[in-house]
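Everything in the sequence shown is counted per full-length UniProt numbering, starting at 1 for the first residue and increasing by one.
No residue lacks a Cβ here, since even glycine has one placed at the ideal position from N, Cα and C.
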Amino acid sequence: MGRGKVELKRIENPTRRQVTFSKRRNGLLKKAFELSILCDAEVSLIVFSPTGKFYQFASHESVVLLPPMMERTIARYRSEAGLSGPNDHSHTRSLEFWRREIEELQKTINETEAKLRHCIGEDIEMLGMKELKQLERQLKAGVERVRSKKLRIAAEHVNWLKGKDD
């Protein structure tokens with residue numbers, strides 16, 4: 001008795017989709033390994049999960065040499081497919097772009113962490129009068145929002161208790 005055909009469409013349930021991805025990824029890695037051994041084929045496999053996690057396989061004995069093996073396979077693919085070769089500067093430009101992006105994001109993280117520390121009263125020694133007044137206004141507005149939410153919840157609870165007594 002054989003397996004039934006599976007309709008090829010996106011799995012909507014995220015949990016089922018992740019389980020299916022994991023199982024099929026493992027099967028794909030196993031098949032790549034078997035193909036490289038049985039047929040003495042040069043096999044490289046690159047997989048990115050839906051969450052962006054990176055998986056790789058290269059048919060080379062040394063685990064230490066996996067990245068160079070991948071680079072060699074990719075260079076060979078580019079050559080066979082007629083794509084731009086290793087002298088293409090797009091990789092360098094892309095690397096520079098991501099370095100700048102990382103620097104900007106790190107700067108944003110540092111600024112956000114500093115604001116958070118200010119909100120809990122830490123690292124405020126270097127703030128001037130203008131910044132302290134702005135921080136005070138922001139904190140007062142935040143406290144007012146918290147009080148308002150507490151009053152709404154208390155009123156809802158009182159109404160629920162009144163309805164329960166009726």
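Ignoring anything shorter than 3 residues or poking outside the UniProt domain "MADS-box" (1-61), list the beta strand (DSSP E) runs there in chain order.
-> 44-48, 54-58
Below 8 Å between beta carbons: does that hold for Ser-36 and Val-47?
-> no
Please work out which residues of its chain come closer than 8 Å, Cβ to Cβ, to Leu-38, disregarding the five sequence neighbours upstream and downstream, and give them in chain order.
-> none
On the three-state DSSP scale, how would you describe Lys-150?
-> helix
Other residues of its chain near Arg-17: CB distance less than 6 Å, five sequence neighbours each side excluded | Ile-11
Return helix, strand or coil for Gly-121, following the three-state DSSP convention.
-> coil
Going by C-alpha distance, which of Ala-81, Lys-30, Thr-20 is nearest Pro-50?
-> Thr-20
When burial is assigned at 16 or more other CB atoms within 10 Å of the CB, is Leu-105 buried or exposed?
-> exposed
Measure the alpha-carbon distance for Lys-130 versus Phe-54 and round it to whole angstroms.
-> 47 Å
Could you name the residues of the same chain whose beta carbon sits closer than 7 Å to that of Ser-148, not counting the 5 residues immediately before and after it, in chain order?
-> none
What do you reckon, are the CB atoms on Ile-124 and Leu-132 nearer than 8 Å?
-> yes
Using three-state DSSP, classify Val-64 as helix, strand or coil.
-> Confidence at Val-64 is low in this model, with a pLDDT of 47, below 50, so the placement of that residue is unreliable and no value is reported for it.
Using alpha carbons as the reference points, say which of Phe-57, Ile-153, Gly-52 lies closest to Gly-27.
-> Phe-57
Under a Cβ-count criterion, where at least 16 other Cβ atoms within 10 Å of its own Cβ denotes burial, should Leu-83 be classed as buried or exposed?
-> exposed
Taking all protein chains shown into account, decide if His-157 is buried (16 or more other Cβ within 10 angstroms of its Cβ) or exposed.
-> exposed
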